[in-house]
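Asker: The following block contains the structure, expressed as structure tokens.
There are 2 protein chains.
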Amino acid sequence: MKIALAQLNYHIGNFEANETKILSNLQKAKAENVDLVVFSELAVCGYPPRDFLEFDNFILLCLQSIERIAKECVGIAAIIGGPSWNTLKSGKKLFNTAFFLSEGNISSKHHKQLLPTYDVFDEYRYFERADEVQCIDYLGEKIALTICEDLWNIDGKELYPNSPMERLIEESPDFIINIAASPFAVSQTNHREEVLKWNTDKYNLPVFYVNHIGAQTELIFDGGSCVYDQNGNLISQLPFFEEYFSIFDSKNLKSEEKISALSKYEKLEAALVLGIKDYFRKLNFKTATLGLSGGIDSALTLALAVKALGKKNVFPILMPSQFSSDHSISDSVALCENLGCDYYTIEIEKIYKSFDKELTDLFKGTEFGIAEENIQSRIRGTLLMAQTNKFGSILLNTSNKSELAVGYGTLYGDMAGGLSVIGDVYKTEVFDLCRFINRDIEIIPDNIITKPPSAELRPDQFDSDSLPDYDVLDTILFEYIENRQSPANLIEKGFDEALVKRILKMVNINEYKRHQTPPILRVSSKAFGMGRRMPIVGKYLS
Amino acid sequence: MKIALAQLNYHIGNFEANETKILSNLQKAKAENVDLVVFSELAVCGYPPRDFLEFDNFILLCLQSIERIAKECVGIAAIIGGPSWNTLKSGKKLFNTAFFLSEGNISSKHHKQLLPTYDVFDEYRYFERADEVQCIDYLGEKIALTICEDLWNIDGKELYPNSPMERLIEESPDFIINIAASPFAVSQTNHREEVLKWNTDKYNLPVFYVNHIGAQTELIFDGGSCVYDQNGNLISQLPFFEEYFSIFDSKNLKSEEKISALSKYEKLEAALVLGIKDYFRKLNFKTATLGLSGGIDSALTLALAVKALGKKNVFPILMPSQFSSDHSISDSVALCENLGCDYYTIEIEKIYKSFDKELTDLFKGTEFGIAEENIQSRIRGTLLMAQTNKFGSILLNTSNKSELAVGYGTLYGDMAGGLSVIGDVYKTEVFDLCRFINRDIEIIPDNIITKPPSAELRPDQFDSDSLPDYDVLDTILFEYIENRQSPANLIEKGFDEALVKRILKMVNINEYKRHQTPPILRVSSKAFGMGRRMPIVGKYLS
């Protein structure tokens, strides 16, 4: 059987664009005499549609689209993901379904059994777990059709009591197809490989795997669609982070030239660039603005934005104050020159003084402190937002994961923006990613990378005044956030008790700030945002 | 059997405070010769603990607390909710458990079967569904112990294929106990009554129901613990919105004097006041600030805040501009005088001019518009946040649900704050709630209620310039947000097609703003926030 894998970039709820793309790939497959073309999980509506799934009208539009696509499946078959009604007496009102389309009709429906409900996944919020599964008979071959998580129940401590493959294998299928919506994280590519190999090992069957690519707000899909033969050999790996269409013969799987694996920072850079690009494109915006402080976070954000949107579409603003060092301006200017960006400078001292004056009475007898520092940051936020409101651009937020974790940022000031680009990248990774971007030529001026980090909101202020070294901080944060370690575990690992308690308390009491951050491009296994849901009012470790 | 119901206000993760409160109620019960004292679902850690449940150390602290409480259960038994480890080979690592404590030990564990995973509930994110249930034998009586949702599978289209009572009833229990964590919504009290009555009707057993009271960020628990006899008669209704302890004889259930049901606006007022009060108390804050515009939203928020925190702890700030009408100031002053609040005035015109001046070049050739309007709003946000940063208070946000729905607000300006007090109250309800607050004496000046709503960010601006009448707007919004109706349904109901499409588009494209709002006190069945999870990048109806 000639099978095409269509790794595409869908747009949530944009039925017209999704359908056009699906139909054009179907035509391409027909032209190549393909027997079966495979699209991803919930392709028809994009993933994740979230609570749009609660609107009957949204489901209706999905089903109408699938019916129109089915009509085109003449002389060819297609597998495509979409929601379908649960017609049983009880349970959630929907199934997460793989539709098998052939002979101009919906020939069969195959519902997902294992519904991920953890981290960024909420599938049991919407979907009922299917009880029955069966293979597809097509052109004399038997296909075990599964949906994403259906193949993932592989660990020693399984999340689910049974797996659909245990029943499908009884029908002696010829191969497995898995349609997926598996979002990117740096560690996810290896994990995915392991899962697919575990299945080929266990069932001795080839696997055809089709994932999404493209970003949907915080979730980035890297693709990585692939084919394994029944011995667990990787036959083909579709390129990451781009749309792709590839054809295979199920009876003649020959290993292609191997695509070399991407390094951590290749993946990170590609993911963040795609994340920015799709956020703008899918919201129909072209231009970005951001504040350039002279520090490494805004420098990295600018470099990534220029890659994503083009140098003419990014508008950095320098907003020095009386506390800004000379190098803050000169480094920022050098960066803009390296990137070929125009920039604009607005001094904030006079605006600050006008606030100071109006607050004289209210603040009488108090010292310069956090309130005054934050006013400067909020003046900058207000200027940047004014630019976006006037010229129809989106403000890119430049906070990194370390500072978001400990609350080292000003709400409505440097925490403002439409999209947080590096909010899931620890400070130590920010340094490494900048060095990676500079691998061939110095784009981010070396001085920006090597000078000591500072918020420059009062004289001679450095991050190290109130925070430990970033390599210590990031290790503690990673163990707490990604690995959910206790203070006792951390102290056992050799970290200072007082430091551990201070840091974890900072993380917990700043939940109220993170509640109001822009959506954060997710690149780790535990990002702030939809995948980490913490109480604001709580006392644990705080 | 002498049974005590303990309706208490817990604090998430505050094990010490929760345990102290539980033990003191246990002592009180002992002193009254009670046989069994019943606490609510997940009482030991507070509800909802959310992702704290992913930290093994958090679970350990829960279990240690339960063991200490068990030790005190000598000569008395207790039922109390907490998480427990799932020791099965597969599944989520936890159960949501009701512990039966007696003779100084954990005598048995009863796991929740039906795990709500919709709206604000994420229970299948953490908990495995229990397969086995059994009654408790105690003092010669058999108790069918259930946890909240376990009794809720009652509709024609059930959410779950079976209910634990179907098996428990086979043991011929003498009565049902249900420990709950059922958050408030205006419509929830009636729904809860219906559910409990359905169960007494079906099983012909008395029901003892114990809920939480108190607020945990956005979720408000109203209590409403109660006892029904086997004929579905309400024997006792504990007071709403307060801690309470009440004793019953399971063999002699006599109807008490009936507590009259609360009206919609009695409930709303009590819920919002408790929501504010607990947010401050549990975060260890005492004082609030807010901006007083002269409009009805900030007036209502101030009146509620004064009830919750006391007039000495609320610090309203008037921030008139050149566009403010005289009545904005005079009405605000009259309100503060009625409430006995101090207030402070800061003119924003000079600060605005300093922004205007620094933006002259950048904005050259453009007209006064949204950008300039938003600058004024953000100056106010910055001044209010400066007050909170200087004096350690929390800014109360004053946005209502109608404006949050259509995006009629400025991010980082009037959308700023630590807590949104009336963000789940439609504008038409805001008017009614103000009239209710004025039922005995004019607290909110009548002119604030009767004058046409205006943002006053440019000359002669009124809400009605860009929005339909609020009764039309709110009906469309309610049908879309609460009832998930399609545009076609709304047009069928007689609303103008162009208007419907414009309003629904406004709702959908402003998801990015709502992503960054403060937590909103939930009082409806579908509030913005954790219970409504929508994509930002999406095209549906936009």
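So the sequence lines, in the order shown, correspond to chains A and B. Counted the way our numbering counts, the first sequence spans residues 143 to 684. Counted the way our numbering counts, the second sequence spans residues 143 to 684. For each residue, glycine too, the CB sits at the ideal point set by N, CA and C. Model, not experiment: these values are computed from the prediction.
1. Beta strand (DSSP E) containing GLU283/A: first to last residue?
2. Which of helix, strand or coil does DSSP assign to TRP294/B?
3. When you check each C-beta in the region 425-445 of chain B against every C-beta of chain E, which residues fall closer than 7 angstroms?
4. Look at the alpha carbon of PHE390/A and the alpha carbon of LYS144/A, and state the distance between them as a whole number of angstroms.
5. On the DSSP bridge assignment, give the partners of PHE390/B in chain order.
6. For the region 495-506 of chain B, which residues have a beta carbon sitting closer than 9 angstroms to at least one beta carbon of chain A?
7. Do ALA403/B and ASN353/B have their CB atoms nearer than 8 angstroms?
8. Pick out whichever of ALA219/B, ARG309/B and GLY534/B has its Cα sitting closest to the Cα of ALA430/B.
9. With 16 other CB atoms within 10 Å as the buried threshold, where does GLN149/B fall?
10. What does LYS234/B touch in chain A if you count any residue whose Cβ is under 9 angstroms from its own?
11. Any C-beta of chain A within less than 7 angstroms: which residues of the region 663-684 of chain B qualify?
12. At which residues does the beta strand (DSSP E) containing HIS153/A begin and terminate?
13. Report the residue from LYS231/B, GLY223/B and GLU335/B whose alpha carbon sits nearest the alpha carbon of THR288/B.
14. What ranges does the beta strand (DSSP E) occupy inside the region 557-625 of chain B, keeping only unbroken runs of at least 3 residues that lie completely in it?
15. Is any heavy atom in the ligand NAP found nearer than 7 angstroms to the beta carbon of PHE181/A?
16. Under three-state DSSP, which class holds GLN379/B?
17. Among LEU410/A, THR259/A and ALA286/A, which has the Cα closest to the Cα of LYS251/A?
18. Leaving aside the five residues before and after PRO660/A along the sequence, list all residues of the same chain whose C-beta is less than 7 angstroms from its C-beta, in chain order.
19. Under 9 angstroms between beta-carbons, which chain A residues line up against ALA528/B? List them in chain order, please.
20. Determine, using beta-carbon pairs with one atom in the region 197-204 of chain B and one in the region 259-269 of chain A, whether at least three such pairs fall under 8 angstroms.
21. With 7 angstroms as the limit, tell me which residues of the region 265-291 of chain B have their beta carbon closer than that to any beta carbon of chain A; keep them in chain order.
22. Quick one, which of VAL548/A, LYS681/A and SER388/A has its alpha-carbon nearest LYS170/A's?
23. Cutting at 8 angstroms between CB atoms, please list the residues of its own chain near PRO462/B, excluding the five before and the five after it.
24. Does the beta carbon of TYR88/B sit closer than 8 angstroms to a beta carbon anywhere in chain A?
25. To the nearest whole angstrom, what separates the beta carbons of SER667/A and ALA357/A, a pair I think is in contact under 8 angstroms?
26. Assuming THR443/A is part of the beta strand (DSSP E), what are its boundary residues?
27. Which whole-angstrom value describes the C-beta separation of VAL665/B and VAL567/B, a residue pair presumed to lie in contact below a C-beta threshold of 8 angstroms?
28. Could you spell out the range, first to last residue, of the alpha helix (DSSP H) harbouring CYS215/A?
29. Excluding sequence positions up to five away, which residues of its chain have a Cβ less than 8 angstroms from the Cβ of MET648/A?
30. With 8 angstroms set as the bound, which would you pick, yes or no: does the beta-carbon of HIS153/B sit closer than that to a beta-carbon of chain A?
31. Considering just the uninterrupted stretch of the beta strand (DSSP E) at GLU427/B, what are its terminal residues?
32. To the nearest whole angstrom, what separates the beta carbons of ILE678/B and HIS657/B, a pair I think is in contact under 8 angstroms?
33. Looking only at its own chain, which residues have a Cβ that is under 6 angstroms from the Cβ of GLY695/A, when we skip the five neighbours before and after it?
34. How many angstroms separate the CA atom of PRO595/B from the CA atom of LEU646/B?
35. Please state whether DSSP places ALA547/B in a helix, a strand or coil.
36. Any beta carbon of chain B sitting closer than 8 angstroms to that of ILE191/A?
Answerer: Well, looking at it:
1. As a working note, residue 283/A is residue 141 in the first sequence. Looking at the DSSP string, the run of the beta strand (DSSP E) that includes GLU283/A is 283-289.
2. As a first step, residue 294/B must be located in the second sequence, where it is residue number 152. Reduced to three states, the DSSP call for TRP294/B is coil.
3. Absence of chain E from the displayed structure is noted, the protein chains being A and B.
4. The residue you call residue 390/A lines up with position 248 of the first sequence. The residue you call residue 144/A lines up with position 2 of the first sequence. C-alpha separation (whole angstroms): 6 angstroms.
5. In the second sequence, counting from the first residue as 1, residue 390/B sits at position 248. Answer is ILE145/B.
6. Residues LYS495, SER496, PHE497, LYS499, GLU500, LEU501, ASP503, LEU504 and PHE505.
7. Indexing the second sequence from 1 puts residue 403/B at position 261. Indexing the second sequence from 1 puts residue 353/B at position 211. Their beta carbons are not under 8 angstroms apart, which means ALA403/B does not touch ASN353/B by this criterion.
8. For the purposes of this step, residue 430/B is identified with residue 288 of the second sequence, where counting begins at 1. Relative to ALA430/B, the option among ALA219/B, ARG309/B and GLY534/B whose CA is nearest is GLY534/B.
9. On the second sequence, position 7 is the one that residue 149/B refers to. The residue in question, GLN149/B, is buried, as its Cβ has 16 or more Cβ neighbours within 10 Å.
10. In the second sequence, residue 234/B corresponds to position 92, counting from 1. Ordered by position in chain A, the residues that pass the 9 angstroms Cβ test against LYS234/B are THR259, TYR260 and LEU301.
11. Listed by position, the residues of the region 663-684 of chain B near chain A (Cβ gap below 7 angstroms) are ARG674, ARG675, MET676, PRO677, ILE678, VAL679, GLY680, LYS681 and TYR682.
12. Numbered from its first residue, the first sequence carries residue 153/A at position 11. Looking at the DSSP string, HIS153/A is not in any beta strand (DSSP E), and its letter there is neither H nor E.
13. For the purposes of this step, residue 288/B is taken as the residue at position 146 of the second sequence. Among LYS231/B, GLY223/B and GLU335/B, the Cα nearest to that of THR288/B belongs to GLY223/B.
14. When DSSP assignments are scanned along the region 557-625 of chain B, no uninterrupted stretch of beta strand (DSSP E) that is 3 or more residues long falls wholly within it.
15. This structure does not include the ligand NAP; it has no bound ligands of any sort.
16. By 1-based counting over the second sequence, the position of residue 379/B is 237. Three-state DSSP puts GLN379/B in a strand.
17. Locating residue 251/A in the first sequence gives position 109, where the first residue counts as 1. Of LEU410/A, THR259/A and ALA286/A, the residue nearest in Cα terms is ALA286/A.
18. Looking up residue 660/A in the first sequence gives position 518. Same-chain partners within the cutoff: ASN539, GLY559, GLY560, LEU561 and SER562.
19. In the second sequence, counting from the first residue as 1, residue 528/B sits at position 386. PHE497, LEU501, LEU504, PHE505, ALA513, GLU514, ASN516, ILE517 and ARG520, listed in chain order.
20. With the cut-off at 8 angstroms, the region 197-204 of chain B and the region 259-269 of chain A do not touch.
21. When CB distances to chain A are screened at a threshold of 7 angstroms, the residues of the region 265-291 of chain B falling below it are TYR266 and ARG267, in chain order.
22. On the first sequence, residue 170/A is found 28 positions in, with the first residue counted as 1. Comparing alpha-carbon positions, the option among VAL548/A, LYS681/A and SER388/A lying closest to LYS170/A turns out to be SER388/A.
23. Taking the first residue of the second sequence as position 1, residue 462/B is located at position 320. Closer than 8 angstroms at the Cβ level, and outside the excluded window around PRO462/B, lie SER470, ILE471, THR487, GLU489 and ILE490.
24. For residue 88/B there is no data in the structure shown, the boundaries of chain B being 143 and 684.
25. For the purposes of this step, residue 667/A is taken as the residue at position 525 of the first sequence. For the purposes of this step, residue 357/A is taken as the residue at position 215 of the first sequence. The Cβ separation is near 17 angstroms, so there is no contact.
26. Position 301 of the first sequence, counting from 1, holds the residue named residue 443/A. Here THR443/A belongs to no beta strand (DSSP E); instead the alpha helix (DSSP H) covers 438-451.
27. Counting from one through the second sequence, the residue named residue 665/B turns up at place 523. Counting from one through the second sequence, the residue named residue 567/B turns up at place 425. Indeed they touch by this definition, with Cβ atoms about 7 angstroms apart.
28. In the first sequence, the residue the question calls residue 215/A occupies position 73. First-last for CYS215/A: undefined, no H or E at that position.
29. Position 506 of the first sequence, counted from the start, is the residue given in the question as residue 648/A. Non-local C-beta neighbours of MET648/A in its own chain, meaning closer than 8 angstroms and more than five positions away in sequence, comprise ALA547, VAL548 and GLY549, ordered along the chain.
30. On the second sequence, position 11 is the one that residue 153/B refers to. Between HIS153/B and chain A, the shortest Cβ-Cβ separation is below 8 angstroms.
31. Here residue 427/B is taken as the residue at index 285 of the second sequence, counted from 1. The amino acid occupying residue 427/B in the given sequence is Phe; Glu does not appear at that position. Where PHE427/B is concerned, there is no enclosing beta strand (DSSP E), given that its DSSP letter is neither H nor E.
32. Within the second sequence, numbered from 1, the residue matching residue 678/B stands at position 536. Within the second sequence, numbered from 1, the residue matching residue 657/B stands at position 515. About 6 angstroms; that satisfies the 8 angstroms criterion.
33. Absent from the structure is residue 695/A, since the part of chain A shown begins at 143 and ends at 684.
34. Position 453 of the second sequence, counted from the start, is the residue given in the question as residue 595/B. Position 504 of the second sequence, counted from the start, is the residue given in the question as residue 646/B. In a straight line, the C-alpha of PRO595/B is about 22 angstroms away from that of LEU646/B.
35. Indexing the second sequence from 1 puts residue 547/B at position 405. When secondary structure is reduced to three states using DSSP, ALA547/B falls in the helix class.
36. For the purposes of this step, residue 191/A is identified with residue 49 of the first sequence, where counting begins at 1. Here residue 191/A turns out to be Pro, not Ile, going by the sequence shown. Judged by the 8 angstroms Cβ criterion, PRO191/A is in contact with chain B.
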